[in-house]
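Notes for the one structure printed next.
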Amino acid sequence: MPRFCHELWTNFDGSCAPDDAKGRSVGLLHVHTMTRVRDVQRRFPNATLDLTLLESQEDMQICRGGLTSLGFKRSDVSAIVRTTRSCETVFVEDYRYETGLLSSDVVQWYKVVAALRSIGQGYFLLRGLG
Numbered sequence: 203m204p205r206f207c208h209e210l211w212t213n214f215d216g217s218c219a220p221d222d223a224k225g226r227s228v229g230l231l232h233v234h235t236m237t238r239v240r241d242v243q244r245r246f247p248n249a250t251l252d253l254t255l256l257e258s259q260e261d262m263q264i265c266r267g268g269l270t271s272l273g274f275k276r277s278d279v280s281a282i283v284r285t286t287r288s289c290e291t292v293f294v295e296d297y298r299y300e301t302g303l304l305s306s307d308v309v310q311w312y313k314v315v316a317a318l319r320s321i322g323q324g325y326f327l328l329r330g331l332g
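Taking the working numbering, I'd label the letters of the sequence shown as residues 203 to 332.
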C-alpha cells in the first residue's frame, strides 16, 4: 500500500463536494485504482502489467486573519497502467485523481464566539432596559 493511502484526501467520498457525484463515486483511491488494474488484467491475461503512481501535494497555503486560520491544499495522483508482451507495450492507460482540501480551526473557536455573542446580547438588553 503506498504511503499516502492514509491521507485524508485519498477518500474521495469524504473529500469531494456533495454535488460531485463522479468524484464521490471513486471512493477510496487505492480500491478504485486496484479495480482498474484488475480490469486491465482481465483484458490482457498473459501480459506483464506495470502500475506507476505519481503523487504530488502542494504545501498548505495558510491565511491568518482575525481569530481563525484557514488553509488550502491541492493534491493529485496519476495512476499509469502499462501492459507489455515480449518487451512490446500493448496497452497504456492513465487516470488522474485531483482534490483540494480546506482546513480551518473555526470549530475550536465556537465556544469563545458563543460566549462573546451572549455577553454582547446581555449588554444590549441591559442598555435597552436602562
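Glycine residues also receive a C-beta, built at the ideal position from the N, C-alpha and C atoms.
Q) Relative to the C-alpha of MET262, which residue among THR254, SER271, ALA281, LEU255 is closest? A) Among THR254, SER271, ALA281, LEU255, the Cα nearest to that of MET262 is on SER271.
Q | Local Cβ density within 10 Å of VAL233, reported as buried at 16 or more and exposed below that | A | VAL233 should be labelled exposed.
Q. Between the stretch 289-297 and the stretch 233-248, do at least 3 Cβ pairs fall closer than 8 Å?
A. The answer is yes - the stretch 233-248 touches the stretch 289-297, with three or more Cβ pairs under 8 Å.
Q) Nearest CA to the CA of CYS289: which residue from ILE264, LEU331, TYR297, LEU251? A) Answer by Cα proximity: LEU251.
Q.
In this structure, how does DSSP classify ALA249 when only helix, strand and coil are distinguished?
A. Looking at ALA249 - three-state DSSP - the assignment turns out to be coil, as it is neither helix nor strand.
Q: Under 8 Å Cβ to Cβ from SER320, same chain only, skipping five residues before and after it: list those, please.
A: Once the five neighbours on either side are set aside, SER320 has no close Cβ partner at all.
(Q) Suppose you measure from the CA of LEU231 to the CA of LEU304; what does that come to, to the nearest Å? (A) Whole-angstrom Cα-Cα distance: 19 Å.
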